[in-house]
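Visitor: Sharing a structure below in structure tokens format, with a few things to ask.
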């Protein structure tokens, strides 16, 4: 069951905050999940949110900090001292602490680290800060349970009790040798169902999937999904166990990747949200619009080179937006399917076969559309048969070529290590505008002979 | 570490299959993860895949069945008897078994169920089949661990050992009362760190998030993400515990939803993949192209009503594709941000404020673009100042209105319970084509006076 923040609730909190009624506030928030308090704070004025934040216990406030919207968190962090931030970080898992530290300025970073109370925790955080945030190293946490292959179940349970104090959720128990090299894992089930004198060596599962510290985050996500894993250990170059990644971090990676692809397809670069500032949104949107404007301008220039035909074949020029739109639509469809196929790793077979299939598909679809258009123009607009035939033929040609471009470009980009998602959206619609209009008028020129 | 299926490996398997060398095949596949074998089978000819499938132990083949591509699975299932399918299902968790059964024909369904060996398992499957697949009931499994609040830790551990035989991964231990109503959960950590005589009542955590059987799957995904849960119990109307959902099922829901939204934005309905048949792809793509064609045809008719101006203001007509393209681009940007905001539940504030913001944003962006265009047309195309001014002004107006439509329509659709993702893609570009062209010529008519 989820708690829904009502307007009344926000008003109540606001009035309690302005009355500085600490006790009533704490009482009101007592049974509310930190994720809901974070949502509430996102809605409050920043002074109120800051006041509320300082009121809460660091055990809860540290969780809230991780759930807040970026801007709200930034504001709150800017009002905390290095010592206060360190107190929050002391409560967090290392991977989360690193995410927060990464948002701080360079000097603040060092100050905060020096204020951390738990030395082990600080050491782990400093280690994690070394890794690129888009790799397994950047995702992993140091909170995991590790047992030596030579221990018995009793020692394991005692050690796990000790280690578990720092680990909020026990996922897997990793088995290492004396050099801390990853050997396998121990299932919790086997542990609680084995006798206490059993040796780890005899019950551990020697097969365990792992990733290297420098594996890309999207690759980690793919592997964890494929093998249906809830946690995966991370090893360094010498196979030493150095961290673990859990599925909830992967859920974020998957969502971010999907959001990014979606925004790219819509012509929005960078990760923006509806509630970001106009300036942030402009930065994400204007470059694509600029590109589209320049591309369209080229398309206009192309059509202008055929302006001699305008006197005699007016109708041809009315249809340019339709041709351009259809080229764009079919191009986006084709590229979206390829981009998704690449993302899901489900593209198989040769490029030639793929292009042939796409050609057949678009030939089939565009012919149906061309016949409809042919009747539409002839009967509704009373164009000559010759003109209707010209527009229809051009539509087929333009759509086939646009769909081939839409198929080819993302595959090509991906081959050269460029994110194929760039190829969707304004990029493909605009380049298809240019090609489409050129092909359209060229075909018209051949058939109508101007 | 991931196993990569090489071409050589496939060739090797193929030749072993044609030689019917069972032993060598089994030896070769022995250390390979079922997810990899499934990938291999997706690549094989269907007779070969079928042969391989029957060769494998049902413990592994049942896992493979779940990982196969839909078409491959369908073929393999069609070649199995009801008894053989039942054997596979006997190895699966109830939620997975239900997914497979749902793909069978009605008669086959009943036959397979009657062939299931484990009566409890069959009963659970039949129960799960009752629920809509897009709800918590459709996602949940019956494999979970449940203890009575009146037991002590020792009884718990004994019971868990018994129940754990059917549960592949122990997530949470749910605590129920004598009426099987969900009371809370027991943490594994607390269980293994408490003395055996402790009562469950004294150590269980009384707060536990749960969802109702009829909660929508995307809502379950949202709740589990928000509260960072790896498993969530499902209760019926009387709060009786009836199942549990794990995060790996939710990962699929999230991915499917993101894929669907992405495809919608690209004008592709239904869930298709690059490797689907031309007929499947046509069904998903042609309707949107048809809609776009009809819409563009209307846009053409609109521009035709202004044809009297063509003699004097040729240049105006060259620019219609540019105006239409920019209207489409900005409309898609605006709607994508709103659709994503709705999906992430992050839209706050009033509609009026949102429209005002979008208006300011697009006014700002389009003015910059209009100034560029003004210089571009005047200096590169040598249009009159009056004409450049007309096109620039129209661009601003068209873009502002297109972005407002892009913002308003998805919010409106969502309010009436229609998937707002429909509003992106061809729908928004086409309707913006029509509005855009009309506004463009209307403004030109006012300024230029034709």
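Protein chains in written order, with our numbering: chain A, 1 to 450; chain B, 451 to 900.
Positions of the beta carbon are idealized from the N, C-alpha and C atoms, including for glycine.
For clarity, every value in this text was computed on a predicted model and none was experimentally measured.
For residue 358/A, collect the residues of the same chain with a Cβ closer than 7 Å to its Cβ; drop the 5 residues on either side in sequence, then sort them by chain order.
Guide: For the purposes of this step, residue 358/A is taken as residue 358 along the first chain, with counting starting at 1. Only 334, 403, 404, 407 meet the Cβ criterion.
Visitor: Can you pull the chain A residues whose beta carbon is under 8 Å from the beta carbon of residue 790/B, in chain order?
Guide: By 1-based counting over the second chain, the position of residue 790/B is 340. 259, 262, 263, 273, 274, listed in chain order.
Visitor: Does DSSP put residue 591/B in a helix, in a strand, or in coil?
Guide: Numbered from its first residue, the second chain carries residue 591/B at position 141. The answer is strand: DSSP assigns residue 591/B an E or B state.
Visitor: Using a Cβ cut-off of 7 Å, pull out every chain B residue sitting near residue 33/A, in sequence order please.
Guide: As a working note, residue 33/A is residue 33 in the first chain. Simply 677.
Visitor: Buried or exposed, going by whether 16 or more other CB atoms sit within 10 Å of the CB of residue 870/B?
Guide: What you label residue 870/B is simply residue 420 of the second chain in a count that begins at 1. Buried.
Visitor: Looking at C-alpha atoms only, which residue of 764/B, 459/B, 781/B, 723/B is the closest neighbour of residue 846/B?
Guide: One-based indexing of the second chain puts residue 846/B at position 396. Answer by Cα proximity: 781/B.
Visitor: Are there 16 or more other CB atoms within 10 angstroms of the CB of residue 469/B, so buried, or fewer, so exposed?
Guide: Mapped onto the second chain, residue 469/B falls at position 19. Under this definition residue 469/B is an exposed residue.
Visitor: Tell me whether residue 220/A is buried or exposed, calling it buried when 16 or more other Cβ atoms sit within 10 Å of its Cβ.
Guide: Along the first chain, one-based indexing puts residue 220/A at 220. Flag for residue 220/A reads buried.
Visitor: Assess contact between the region 879 to 894 of chain B and the region 755 to 771 of chain B, defined as three or more Cβ pairs (one per stretch) separated by less than 8 Å. Is contact present?
Guide: Result yes; three or more Cβ-Cβ pairs closer than 8 Å.
Visitor: Determine, using beta carbons only, whether residue 35/A and residue 797/B come nearer to each other than 7 Å.
Guide: Within the first chain, numbered from 1, the residue matching residue 35/A stands at position 35. Within the second chain, numbered from 1, the residue matching residue 797/B stands at position 347. For residue 35/A and residue 797/B, no; Cβs fall outside 7 Å.
Visitor: What are the start and end residues of each continuous alpha helix (DSSP H) run of 4 or more residues lying completely inside the region 33 to 57 of chain A, in chain order?
Guide: Within the region 33 to 57 of chain A, the complete alpha helix (DSSP H) runs of at least 4 residues are 34 to 43, 46 to 55.
Visitor: What does a CB cutoff of less than 8 Å around residue 493/B pick up in its chain, not counting 5 residues either side in sequence?
Guide: Position 43 of the second chain holds residue 493/B. The residues are 455, 460.
Visitor: Between which residues of its own chain and residue 568/B is the CB-CB distance below 7 Å, once the five residues before and five after are set aside?
Guide: Locating residue 568/B in the second chain gives position 118, where the first residue counts as 1. Same-chain partners within the cutoff: 540.
Visitor: How about the region 316 to 324 of chain A and the region 812 to 824 of chain B: do they share at least three Cβ pairs that are nearer than 8 Å?
Guide: Short answer: they don't touch.
Visitor: Any heavy atom of the ligand NAP inside 6 Å of the beta-carbon of residue 126/A?
Guide: The model on display carries no ligand, and the ligand NAP is accordingly not part of it.
Visitor: For residue 210/A versus residue 182/A, is the C-beta distance shorter than 7 Å?
Guide: Residue mapping note: residue 210/A aligns to position 210 of the first chain, counting from 1. Residue mapping note: residue 182/A aligns to position 182 of the first chain, counting from 1. In this structure, residue 182/A lies closer than 7 Å to residue 210/A by Cβ.
Visitor: Look at residue 667/B and residue 584/B and say whether their C-beta atoms are less than 7 Å apart.
Guide: The residue labelled residue 667/B in the question sits at position 217 within the second chain. The residue labelled residue 584/B in the question sits at position 134 within the second chain. Yes, Cβ-Cβ distance for residue 667/B and residue 584/B is below 7 Å.
Visitor: Please tell me whether residue 850/B has its Cβ less than 7 Å away from any Cβ of chain A.
Guide: Numbered from 1 along the second chain, position 400 holds the residue referred to as residue 850/B. So, not an interface residue.
Visitor: So, using beta-carbon positions, are residue 775/B and residue 296/A closer together than 7 Å?
Guide: Position 325 of the second chain, counting from 1, holds the residue named residue 775/B. Position 296 of the first chain, counting from 1, holds the residue named residue 296/A. Yes, they are a contact pair.
Visitor: Beta carbon of residue 302/A, beta carbon of residue 439/A: below 7 Å?
Guide: As a working note, residue 302/A is residue 302 in the first chain. As a working note, residue 439/A is residue 439 in the first chain. Not in contact: residue 302/A and residue 439/A (Cβ atoms no closer than 7 Å).
Visitor: Is the shortest distance between the beta-carbon of residue 768/B and the beta-carbons of chain A less than 7 Å?
Guide: On the second chain, residue 768/B is found 318 positions in, with the first residue counted as 1. True, the Cβ-Cβ gap to chain A drops below 7 Å.
Visitor: Would you mind telling me which residues of chain A sit closer than 8 Å to residue 874/B, beta carbon to beta carbon, in chain order?
Guide: Your numbering for residue 874/B matches position 424 in the second chain. Near residue 874/B (Cβ distances below 8 Å), the residues of chain A are 266.
Visitor: Taking 7 Å as the CB-CB cut-off, is residue 329/A touching chain B?
Guide: In the first chain, counting from the first residue as 1, residue 329/A sits at position 329. Closer than 7 Å: yes.
Visitor: Since residue 545/B and residue 578/B should fall inside the 8 Å C-beta cutoff, what is the C-beta to C-beta distance between them, to a whole number of angstroms?
Guide: Here residue 545/B is taken as the residue at index 95 of the second chain, counted from 1. Here residue 578/B is taken as the residue at index 128 of the second chain, counted from 1. That belief holds up - the Cβ atoms of residue 545/B and residue 578/B are roughly 7 Å apart, short of 8 Å.
Visitor: Going by the beta-carbon positions, is the gap between residue 194/A and residue 203/A smaller than 7 Å?
Guide: Translated into positions along the first chain, residue 194/A becomes position 194. Translated into positions along the first chain, residue 203/A becomes position 203. In contact: residue 194/A and residue 203/A (Cβ atoms closer than 7 Å).
Visitor: For residue 143/A versus residue 93/A, is the C-beta distance shorter than 7 Å?
Guide: As a first step, residue 143/A is located in the first chain; it is residue number 143 there, counting from the start. As a first step, residue 93/A is located in the first chain; it is residue number 93 there, counting from the start. Result yes, Cβ atoms of residue 143/A and residue 93/A sit closer than 7 Å.
Visitor: Residues of chain B with CB closer than 9 Å to the CB of residue 161/A, please, in chain order.
Guide: One-based indexing of the first chain puts residue 161/A at position 161. Going along chain B in sequence order, the residues near residue 161/A (Cβ under 9 Å) are 639, 642, 643.
Visitor: How many Å lie between residue 400/A and residue 130/A at the Cα?
Guide: For the purposes of this step, residue 400/A is identified with residue 400 of the first chain, where counting begins at 1. For the purposes of this step, residue 130/A is identified with residue 130 of the first chain, where counting begins at 1. Cα-Cα distance, rounded: 49 Å.
Visitor: Please confirm if the region 673 to 681 of chain B is in contact with the region 595 to 612 of chain B, defined as three or more CB-CB distances below 8 Å between the two stretches.
Guide: Contact between the region 673 to 681 of chain B and the region 595 to 612 of chain B is absent, because fewer than three Cβ pairs lie under 8 Å.
Visitor: Could you tell me the distance, in whole angstroms, from the CA atom of residue 526/B to the CA atom of residue 342/A?
Guide: Counting from 1 along the second chain, the entry for residue 526/B is found at position 76. Counting from 1 along the first chain, the entry for residue 342/A is found at position 342. Cα to Cα, residue 526/B sits roughly 26 Å from residue 342/A.
Visitor: Compile a chain-ordered list of the residues in the region 466 to 478 of chain B whose CB is closer than 9 Å to at least one CB of chain A.
Guide: Residues: none.
Visitor: Can you pull the DSSP bridge partners for residue 683/B?
Guide: For the purposes of this step, residue 683/B is taken as residue 233 along the second chain, with counting starting at 1. Per DSSP, 694/B.
Visitor: Does the CB of residue 231/A have a neighbour CB from chain B at under 7 Å?
Guide: Here residue 231/A is taken as the residue at index 231 of the first chain, counted from 1. No, its Cβ sits nowhere closer than 7 Å to a Cβ of chain B.
Visitor: Determine the direct distance from the alpha carbon of residue 146/A to that of residue 718/B, and round the result to whole angstroms.
Guide: Taking the second chain and counting its residues from 1, one reaches residue 718/B at position 268. Taking the first chain and counting its residues from 1, one reaches residue 146/A at position 146. Cα-Cα distance, rounded: 48 Å.
Visitor: Classify residue 260/A as helix, strand or coil using the three-state DSSP reduction.
Guide: Counting from one through the first chain, the residue named residue 260/A turns up at place 260. Helix.
Visitor: Identify which residue in 627/B, 863/B, 673/B, 873/B has its Cα closest to the Cα of residue 704/B.
Guide: If you number the second chain from 1, residue 704/B lands on position 254. Among 627/B, 863/B, 673/B, 873/B, the Cα nearest to that of residue 704/B belongs to 673/B.
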